[in-house]
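Residue numbers (the working numbering), protein chains in the order written: chain Y, 128 to 229; chain U, 305 to 709.
Every residue gets a Cβ at the ideal spot worked out from N, C-alpha and C, and that includes glycine.
Working notes, structure below.
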């Protein structure tokens with residue numbers, strides 16, 4: 128079992144914060160919208176029930192980043208997240224479990 | 305012909321029953337097993353196995369599922385769904401009734417495109433010929449115009465909230481659809497074929513087809529042919545058979561668009577013997593999609609044709625997801641500049657890069673469709689695109705272009 132990022136494409140407004148926050152996982156296209164790096168994206172894989180914002184990734188800013196499933200490397204993200212300015216409009220990312228068997 | 309009427313006009317209930325007999329009273333499990341064994345694949349575009357889809361809904365439903373018969377044919381080059389609904393509405397209704405029984409659904413919705421007025425009228429008249437218990441749990445919903453309103457999550461969203469824009473998945477409609485209930489969204493041709501299989505058995509369906517392919521299907525053939533229109537084929541018939549069915553090619557043809565705006569270009573000479581069958585085409589990196597076959601005349605520039613398709617697709621974005629809104633319109637703009645031989649430096653490199661970045665980056669597959677189409681064009685019309693970046697069209701020679709300008 129591995130983690131995969133899942134992005135709420137409708138809510139994402141292309142502020143590009145996720146790319147700054149998680150450059151090892153996400154690059155940005157010419158308009159600031161996230162591209163999940165190869166091997167991490169599994170479109171169409173069902174996520175589990177929405178467990179709401181992950182405390183490590185949402186420093187009181189609403190649903191900027193959400194998790195479904197278990198996060199890896201939470202410490203690094205918490206440090207990065209704590210420096211975040213408040214976004215004008217929040218995008219949303221979900222970290223979903225994927226199944227290697229599929 | 306099973307799906308295309310031999311006589312003009314709409315088939316009435318009596319004629320339909322005379323042709324096929326009464327609706328078979330198969331138990332749910334047996335019907336789904338028949339469909340699975342038949343190998344029937346969906347005809348809305350994705351080619352998903354129909355039996356497996358019905359089983360997925362049946363397993364989630366507790367008698368409260370919904371059937372949404374998808375007759376919103378937004379694809380500009382496709383006519384087969386509206387033709388089928390107009391000619392043989394009772395076959396589509398039989399398919400929807402059988403689906404409802406198989407998956408445990410009370411409600412049936414016929415979701416019919418706004419532009420398909422004759423098809424909607426035929427369905428309405430056909431339903432009026434059915435008994436009251438059928439009419440009571442059936443309704444017709446007119447889908448708004450537009451390419452995207454036939455996308456399955458958009459269809460469910462429209463029925464639920466009057467908004468025909470796609471929604472995030474999961475949940476997919478089979479998990480949570482109309483009124484939050486498990487919903488089978490199934491293309492009308494797929495339903496008609498399911499009804500034929502229920503009437504005649506999977507062995508009948510598997511006995512049709514050429515080579516390894518099994519079954520029958522509808523194509524909409526257009527472009528440089530003598531008789532454009534909807535044609536029924538046995539799957540596995542070749543591209544040359546499709547051209548022959550449409551009265552033969554008219555003039556020189558170099559490329560063919562397969563699967564419609566959501567499909568891709570193919571070189572005609574390479575693919576002349578291509579079996580028209582979803583698995584065979586997938587193995588060659590092509591798609592049967594909704595059965596569109598459009599022959600491009602040799603004197604039409606592939607870059608210009610692609611620019612028109614891309615401009616249309618960009619215009620049809622639901623404008624919800626950034627990669628679709630900005631990515632598709634940027635690709636369409638650059639392709640249009642190349643087509644009109646006024647490119648900016650690096651336009652060709654940019655569309656190569658952008659078309660490789662869009663897949664899987666929207667709530668629905670609309671951006672994926674545009675990216676796939678453009679990538680196929682960059683391959684099939686590679687020399688033309690390179691020429692246009694140098695402001696030179698290889699198709700239309702200079703004197704001719706001056707003459708028509």
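Inset, instruction - Determine the closest residue to residue 528 of chain U out of U:397, U:342 and U:572, with distance taken between C-alpha atoms. - result: When U:397, U:342 and U:572 are compared, the shortest CA-CA separation from residue 528 of chain U is found for U:572.
Legend entry - Beta-carbon contacts of residue 154 of chain Y that lie in its chain and below 7 Å, excluding the five residues immediately before and after: Excluding positions up to five away in sequence, the list reads 146, 162 and 164.
Inset, instruction - Report buried or exposed for residue 158 of chain Y, applying the criterion of at least 16 other Cβ atoms within 10 angstroms of its Cβ. - result: Taking a 10 Å sphere around the C-beta of residue 158 of chain Y, we find fewer than 16 other C-beta atoms and assign the residue as exposed.
Legend entry - N-terminal and C-terminal residue of the beta strand (DSSP E) that residue 487 of chain U is part of: Element bounds for residue 487 of chain U: 487-491.
Legend entry - Inter-residue spacing [alpha-carbon to alpha-carbon] between residue 437 of chain U and residue 348 of chain U: When rounded, the distance between both Cα atoms is 28 Å.
Inset, instruction - Say whether chain U places a C-beta atom closer than 9 Å to the C-beta of residue 141 of chain Y. - result: Residue contact with chain U for residue 141 of chain Y: present (Cβ-Cβ distance below 9 Å to some residue of chain U).
Legend entry - Residue-level contact to chain Y via CB, residue 658 of chain U, 9 Å cutoff: Residue 658 of chain U counts as touching chain Y.
Inset, instruction - Give the secondary structure of residue 413 of chain U by DSSP, where H, G and I count as helix, E and B as strand, and everything else as coil. - result: Correct three-state label for residue 413 of chain U: strand.
Inset, instruction - At 7 Å on the CB atoms, spell out the chain Y contacts of residue 530 of chain U, in chain order. - result: Residues of chain Y whose Cβ lies closer than 7 Å to the Cβ of residue 530 of chain U do not exist, since the nearest Cβ in that chain is about 41 Å away.
Legend entry - residue 460 of chain U and residue 486 of chain U closer than 9 Å at C-beta: No; because the gap between Cβ atoms is not below 9 Å, this pair is not in contact.
Legend entry - Contacts of residue 137 of chain Y in chain A (Cβ-Cβ under 7 Å): Included in the structure are the protein chains Y and U, with no chain A among them.
Inset, instruction - Check the Cβ-Cβ distances between residue 159 of chain Y and every residue of chain U, and say whether any is below 9 Å. - result: Answer yes: the Cβ-Cβ gap between residue 159 of chain Y and chain U drops below 9 Å somewhere.
Inset, instruction - Could you work out which residues of chain U lie near residue 153 of chain Y, taking near to mean beta carbons separated by less than 9 Å? - result: Chain U residues near residue 153 of chain Y: none, gap ~12 Å exceeds 9 Å.
Inset, instruction - With DSSP collapsed to three states, give me the class of residue 154 of chain Y. - result: Secondary structure at residue 154 of chain Y: strand, using DSSP grouped into helix, strand and coil.
Inset, instruction - Could you please give me the residues that DSSP links to residue 574 of chain U through a beta bridge? - result: None; residue 574 of chain U has no bridge partner.
Inset, instruction - Step through the CB atoms of chain Y and report whether any lies within less than 9 Å of the CB of residue 631 of chain U. - result: Taking Cβ atoms only, chain Y reaches closer than 9 Å to residue 631 of chain U, which makes this a yes.
Inset, instruction - State the Cα-Cα distance for the pair residue 198 of chain Y and residue 132 of chain Y, rounded to the nearest angstrom. - result: In this prediction, residue 198 of chain Y has a pLDDT of 33, which is less than 50 and means its spatial position is unreliable; what the coordinates show is noted afterwards. Roughly 10 Å separates the two Cα atoms.
Legend entry - In DSSP terms, what residue 443 of chain U is bridged to: Residue pairing by DSSP places residue 443 of chain U opposite U:413 in a beta bridge.
Legend entry - Interface flag, residue 661 of chain U vs chain Y, CB-CB below 9 Å: So, interface residue.
Inset, instruction - In angstroms with no decimal places, state the Cα-to-Cα distance between residue 767 of chain U and residue 661 of chain U. - result: Since the first residue of chain U shown is 305 and the last is 709, residue 767 of chain U is not available in this structure.
Inset, instruction - Give me whichever residues DSSP pairs with residue 569 of chain U in a beta bridge. - result: Beta bridge pairing from DSSP links residue 569 of chain U with U:561.
Inset, instruction - Please confirm whether residue 361 of chain U and residue 410 of chain U have their CB atoms less than 9 Å apart. - result: With a cutoff of 9 Å on beta-carbon distance, residue 361 of chain U and residue 410 of chain U are scored as not near each other.
Inset, instruction - Would you mind working out which of U:428, U:523 and U:581 sits nearest residue 493 of chain U, comparing C-alpha positions? - result: When each option's Cα is compared against that of residue 493 of chain U, the closest is U:523.
Inset, instruction - Would you mind reading off the limits of the alpha helix (DSSP H) that contains residue 283 of chain U? - result: Here chain U has residues from 305 to 709 only, and residue 283 of chain U is not among them.
Legend entry - Where the alpha helix (DSSP H) containing residue 464 of chain U begins and where it ends: Going by DSSP, residue 464 of chain U is part of the alpha helix (DSSP H) stretching over 456-465.
Legend entry - Close beta carbons around residue 610 of chain U, own chain, < 8 Å, minus the five adjacent residues each side: For residue 610 of chain U, where only same-chain residues beyond five positions count, the Cβ hits under 8 Å are 569, 639, 643, 677, 678, 681 and 685.
Legend entry - Min CB distance residue 634 of chain U to chain Y below 9 Å: For residue 634 of chain U, the answer is yes, since a Cβ of chain Y falls inside 9 Å of its Cβ.
Inset, instruction - Examine the Cβ distances between the stretch 402-409 of chain U and the stretch 317-335 of chain U and report whether three or more of them are shorter than 8 Å. - result: A contact exists between the stretch 402-409 of chain U and the stretch 317-335 of chain U.
Legend entry - residue 373 of chain U - containing alpha helix (DSSP H), residue span: Counting along the chain, no alpha helix (DSSP H) covers residue 373 of chain U; the unbroken beta strand (DSSP E) around it starts and ends at 369-375.
Inset, instruction - Output yes if chain U places a C-beta closer than 9 Å to the C-beta of residue 179 of chain Y; else output no. - result: Because residue 179 of chain Y sits at a pLDDT of 39, beneath the cut-off of 50, its placement in the model cannot be relied upon, and the following sentence gives the value as read from the coordinates. No, because no Cβ of chain U sits closer than 9 Å to the Cβ of residue 179 of chain Y.
Inset, instruction - Inspect the CB distances between the stretch 380-400 of chain U and the stretch 411-425 of chain U and report whether three or more fall short of 8 Å. - result: Pairwise C-beta distances place the stretch 380-400 of chain U in contact with the stretch 411-425 of chain U, as three or more of them are shorter than 8 Å.
Legend entry - Limits of the unbroken beta strand (DSSP E) element including residue 142 of chain Y: Unbroken run through residue 142 of chain Y: none, as it is neither H nor E.
Inset, instruction - Pull up the distance between the alpha-carbon of residue 547 of chain U and that of residue 597 of chain U, whole angstroms please. - result: Straight-line Cα distance between these residues: approximately 9 Å.
Legend entry - Per-residue burial, residue 525 of chain U [other beta carbons within 10 Å of its own, 16 or more giving buried]: Residue 525 of chain U counts as buried, since no fewer than 16 other beta carbons sit within 10 angstroms of its beta carbon.
Legend entry - Reference residue 311 of chain U, options U:392, U:337, U:396 and U:465, closest by Cα: For residue 311 of chain U, the closest alpha carbon among the candidates U:392, U:337, U:396 and U:465 is that of U:392.
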